[in-house]
Amino acid sequence: MPVPITTPKSVAAPGTAAVALIPVAMNRLAVKPLSTARRWMTVGCAIWLLTIGIVACQAPPAAQPQAASPSASPNALASPAVPASSPDDGLPAEIRAYTNWLKLNPAPLPPRAGAPHGSGVKNVHVSVAPDASGQYADGALVVKEGLTASGDFVELVAVMHKRKGADPEHGDWIYDEYIRSRADEPFRLAFKGAVCWGCHAQAKATDWVFTR
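Letter 189 of the sequence shown, counting from 1, is numbered 169 in our numbering, and no numbers are missing.
Below is the structure:
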């Protein structure tokens, strides 16, 4: 009886399947490193952006342009004149700025023969203006300055201070007179009180104050 010839099935040689799987495995291995590299690139970019943000936050703010200070207007009020005296000139503090006060005489008063208060021209300044009748309020100060004959400096400062009740017989005025012989020396008190009454009695009509 004839024996049927059976075509043998192809059998893979040992190791053939493993060899066939190598390309697939290699492809998988190649994909995995690529994915990991992408993940690390993403993380690296995030860290870089975060670093830039932190540095930007810590950086000092840009300096803002400063507005230019306005220039002084030509119509602005001038600053007050420098006081005529200083703390070490020997005059009372209450009269040191007397040259900024109201001046009663429009022009310097010329010297008169036999008149007190220096040998040169004079100016009279008051801390407050008199009322319509020529009377001064309590606390008023009157300063008469007398210059030297050459007009180089003030050699005499006569002060009247009105204090209610101080001396009703003489208009309640207190009198002090300061003198000096050089521009670089302090004033000193030379006369006060009664020595001034006789002369100022001639000016009762203007509250004992001479204005000419």
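Glycine is no exception: its CB is placed at the ideal position from the N, C-alpha and C atoms.
Since the model is a prediction, treat every value here as computed from it, not as a measurement.
### Message
Quick check: residue 140 and residue 108, are their CB atoms within less than 9 Å of each other?
### Response
Going by C-beta atoms, residue 140 is not nearer than 9 Å to residue 108.
### Identity of the residue in 154, 114 and 91 nearest residue 138 by Cα
For the options 154, 114 and 91, the alpha carbon positioned closest to that of residue 138 is the one of 154.
### Query
When DSSP labels each residue in this structure, what does residue 165 get in the three-state scheme?
Residue state, collapsed to three classes: coil.
### Query
For the alpha helix (DSSP H) that residue 178 lies in, which residues bound it at each end?
Where residue 178 is concerned, the enclosing alpha helix (DSSP H) stretches over 177 to 180.
### Task
Could you tell me whether the region 67 to 76 touches the region 89 to 99, where touching means 3 or more Cβ pairs closer than 8 Å?
No, because fewer than three Cβ pairs between the region 67 to 76 and the region 89 to 99 fall closer than 8 Å, the two stretches do not touch.
### Query
Out of 126, 115, 128 and 125, which has the shortest C-alpha to C-alpha gap to residue 152?
Ranking the options by Cα distance to residue 152, first place goes to 115.
### Query
Based on Cα-Cα distance, which residue from 90, 184, 162 and 129 lies nearest to residue 148?
With respect to the C-alpha of residue 148, the residue from 90, 184, 162 and 129 having the closest C-alpha is 184.
### Query
Could you give the distance in angstroms between the alpha-carbon of residue 123 and the alpha-carbon of residue 177?
Cα to Cα, residue 123 sits roughly 16 Å from residue 177.
### Span of the beta strand (DSSP E), counted from its first residue to its last, around residue 127
Counting along the chain, the beta strand (DSSP E) containing residue 127 begins and ends at 121 to 127.
### Nearest neighbour of residue 79, chosen from 180, 170, 126 and 143 [CA to CA]
Answer by Cα proximity: 126.
### Message
For a test of the three-state rule: what should DSSP assign to residue 141, helix, strand or coil?
### Response
Three-state result, residue 141: strand.
### Query
Quick one: what's got a C-beta closer than 8 Å to residue 68's C-beta in the same chain, skipping five residues either side?
The residues 166, in chain order, have a CB closer than 8 Å to that of residue 68 in the same chain once the five nearest residues on each side in sequence are set aside.
#### Entry: Residues sharing a beta bridge with residue 184, DSSP
In the DSSP secondary-structure assignment, residue 184 is not bridged to any residue.
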